[in-house]
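Under this note's numbering, the first residue of the sequence shown is numbered 261, with each subsequent residue one higher. All C-beta atoms, glycine included, are put in the ideal place defined by N, C-alpha and C. Note that the coordinates shown come from a computational prediction; the quantities given were computed from them, not determined experimentally. Each remark here refers to the structure printed beneath this line.
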Amino acid sequence: MRPRKTFLIAAILVGWIFTTYLIFIKNFKESNPQRDQSILQKVHYLEQNIHFAEESRGRLYREIINILQKEEKTTSTEALPPVVNNVDLIEVPAPIAETPPKPDGSSGLEKFQQKYINGDVNSPIIPVLVFACNRLSVNKCLDDLIRYRPRADQFPIIVSQDCDDEATRTMILSYKENVTLIRQPDQSDITVLPKEKKYKGYYKISRHYGWALKTVFKQGFESIIIVEDDLSIAPDFYEYFLGTYPILKKDQSLWCISAWNDNGKEGLIDGAASELLYRSDFFPGLGWMMTKELWEELEPKWPKAFWDDWIRQPEQRKERACIRPELPRTRTFGKVGVSNGLFFDKHLKYIKLSEEFVSFTKMNLTYLHKSIYDDMFLNAVYQSPVVTLDELKRGLVKTTDPVRVAYLTKEQYKRITKSLGLMDDFKSGVPRTAYHGIVSFFYNGRRVYLAPNVNWKGYDLTWS
Ligand code: UD1
Ligand code: MN
261 MRPRKTFLIA
271 AILVGWIFTT
281 YLIFIKNFKE
291 SNPQRDQSIL
301 QKVHYLEQNI
311 HFAEESRGRL
321 YREIINILQK
331 EEKTTSTEAL
341 PPVVNNVDLI
351 EVPAPIAETP
361 PKPDGSSGLE
371 KFQQKYINGD
381 VNSPIIPVLV
391 FACNRLSVNK
401 CLDDLIRYRP
411 RADQFPIIVS
421 QDCDDEATRT
431 MILSYKENVT
441 LIRQPDQSDI
451 TVLPKEKKYK
461 GYYKISRHYG
471 WALKTVFKQG
481 FESIIIVEDD
491 LSIAPDFYEY
501 FLGTYPILKK
511 DQSLWCISAW
521 NDNGKEGLID
531 GAASELLYRS
541 DFFPGLGWMM
551 TKELWEELEP
561 KWPKAFWDDW
571 IRQPEQRKER
581 ACIRPELPRT
591 RTFGKVGVSN
601 GLFFDKHLKY
611 IKLSEEFVSF
621 TKMNLTYLHK
631 SIYDDMFLNA
641 VYQSPVVTLD
651 ELKRGLVKTT
661 DPVRVAYLTK
671 EQYKRITKSL
681 GLMDDFKSGV
691 PRTAYHGIVS
701 FFYNGRRVYL
711 APNVNWKGYD
721 LTWS
């Protein structure tokens, strides 16, 4: 019986292989070059898409958001903000170009030539470069910047406008001598691959950033604060940058000061710790300061698109950190923009702007230097007792002292952050706000460190 059974199985197997072979041959013969070409194209397209998706999950969000936004726009009845701005500047706007236009768009910057030289490390001249396009609500941003500005000569506000939108330009010019307008002269269409059409906005933003930073740094400034037209600022915004400026200049392991906390939501921050600052391996952007040395380094390789994701790549970051506050000193109101929408509703709109004025310039901030900070911070984190997510969430932790929640894998990290309402994404393997893999936040009245193993070896680029 046995050999017969084996023979039967073998016969069925051979039959199956033969049939599969026939089907394959048939398909192969039927193949035509046109169809093959189209399949190849599709495969290629898919490959590129997969690669793209891996590169930035965030970007995919943005795409979904764009679609939702378009729908929203067609149904929205929300009125645009009124075309008036603060105080006594509601006069007829000045003529378009008071200074003769220069082909490179930089008219109006000449006046800074003398001024910047007077700055020194204790009283530097730091221009605030505002990126604008076609949002009339840039007035909200400018009103804040002017209202809280301690000295106009120390913090000249330069608005760089892309997009050539007349109404926005008129709005900016209505601020007269309070701001200087420069115009991104290259309004040519950017050619992108068909599949990247939806990302064109990111190409335009990157081109604008490249041009404006180059133009302003060319004036000789030592550093620049970068602001986007949909940001509100906290009362001590300038004081924060002024206070941290000397460390940025001195500590080569720092490459930016940012006013942003990615997890700066009510309930995740300690409202009483307005003076608390951190080092962060995650580049936060959104109201940030960079030095001319960094610009000189980045300028030759400035990217064509997605500048913020690009800057977070290891080749650019080179293991440098930013300073970021516990309480956010900027907040975005730009729900409608190049991306946003969903991301805005889910997250950004909950970011809480700090209200108290902290005299950072009078504080000793040397603890932020790497040589002091690393020991201090890592000790604090790894001396704190480990609790489970469950204990934390159910209020079973006895102490009010700082505690630690451990994570080892990407999946664990995602699960914990999702469950606590923290940002759960990574850029170039770095979790938002993380320093040495550690995310510090506040939960039910206590400090919590979400931390990897004490012998952590560095970020894993495949975590996304
Ligand atoms: C997001 C980021 C933003 C980053 C941008 C580029 C958040 C909340 N925002 O933009 O910090 O710079 O991705 O990757 O994460 N703009 C132009 N030209 C244009 C369109 C816009 O200069 O053609 C300017 C806007 O005026 C604004 C900035 O670019 O200052 C960002 O535009 P926005 O529409 O706010 O896009 P986000 O999705 O916020
Ligand atoms: Mn924005």
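query: Helix, strand or coil at residue 370 according to DSSP, with G and I counted as helix; result: coil
query: Straight-line Cα distance separating residue 648 from residue 712; result: 13 Å
query: Residues near residue 551 by beta carbon distance below 6 Å, same chain, minus five either side; result: 483
query: Own chain residues within Cβ distance below 7 Å of residue 498, not counting five before or after; result: 408, 409, 410, 415
query: Run of the beta strand (DSSP E) containing residue 582, from where it starts to where it stops; result: 581-585
query: Environment of residue 398 [buried if 16+ CB atoms lie within 10 Å]; result: buried
query: Segment contact flag, the stretch 522-540 with the stretch 600-612, C-beta cutoff 8 Å, min 3 pairs; result: yes
query: Buried versus exposed call for residue 549 [16 or more other C-beta atoms within 10 Å across all chains shown]; result: buried
query: Separation of residue 704 from residue 426, as counted between CA atoms; result: 49 Å
query: For residue 356, three-class secondary structure by DSSP; result: With a pLDDT of 37 at residue 356, under the threshold of 50, the modelled position of that residue is not reliable, and no figure is offered here.
query: In chain order, each alpha helix (DSSP H) run of at least 4 residues that lies wholly inside the stretch 422-458; result: 426-433
query: At least three beta-carbon pairs within less than 8 Å, the stretch 626-634 to the stretch 537-544; result: yes
query: Coil, strand or helix - residue 646 by DSSP; result: strand
query: Residues passing the C-beta test against the ligand MN heavy atoms, cut-off 5 Å; result: 490, 594, 597
query: Contact test: residue 400 Cβ vs the ligand UD1 heavy atom, cutoff 7 Å; result: no
query: Closer than 7 Å: residue 608 CB and nearest the ligand UD1 heavy atom; result: yes
query: Any non-hydrogen atom of the ligand UD1 within 7 Å of residue 564 CB; result: no
query: Whole-Å CB distance - residue 504 paired with residue 547, under 8 Å assumed; result: Not really, about 12 Å apart at Cβ, beyond 8 Å.
query: Pair within 8 Å by beta-carbon distance, residue 393 and residue 421; result: yes
query: Contact test: residue 488 Cβ vs the ligand UD1 heavy atom, cutoff 7 Å; result: yes
query: Where the alpha helix (DSSP H) containing residue 516 begins and where it ends; result: Where residue 516 is concerned, there is no enclosing alpha helix (DSSP H), although the beta strand (DSSP E) it sits in stretches over 514-518.
query: Of the listed residues 580, 662, 653, nearest to residue 514 (C-alpha basis); result: 580
query: Through-space distance from residue 450 to residue 460, alpha-carbon basis; result: 7 Å
query: Exposure label - residue 716; buried when at least 16 CB within 10 Å; result: exposed
query: Beta-carbon contacts of residue 492 that lie in its chain and below 8 Å, excluding the five residues immediately before and after; result: 400, 401, 404, 590, 591, 592, 593, 613
query: C-beta contact flag for residue 496 and residue 618 at 8 Å; result: yes
query: Backbone CA spacing between residue 698 and residue 441 [nearest angstrom]; result: 41 Å
query: Cβ-based neighbour list, residue 469, same chain, cut-off 6 Å, excluding 5 preceding and 5 following; result: 567
query: Per DSSP, the bridge partner or partners of residue 666; result: 711
query: Check whether residue 467 and residue 446 have beta carbons under 8 Å apart; result: yes
query: Nearest to residue 542 (by Cα), restricted to the options 692, 471, 553, 364; result: 692
query: Three-way DSSP call (helix, strand, coil) for residue 637 in this model; result: helix
query: Own chain partners of residue 419 with C-beta closer than 6 Å, once the 5 adjacent residues on each side are dropped; result: 390, 392, 432, 439, 441
query: Residue 572 Cβ short of 7 Å to the ligand UD1 heavy atom set; result: no
query: Proximity test, residue 516 beta-carbon vs the ligand UD1 heavy atom, cut-off 7 Å; result: no
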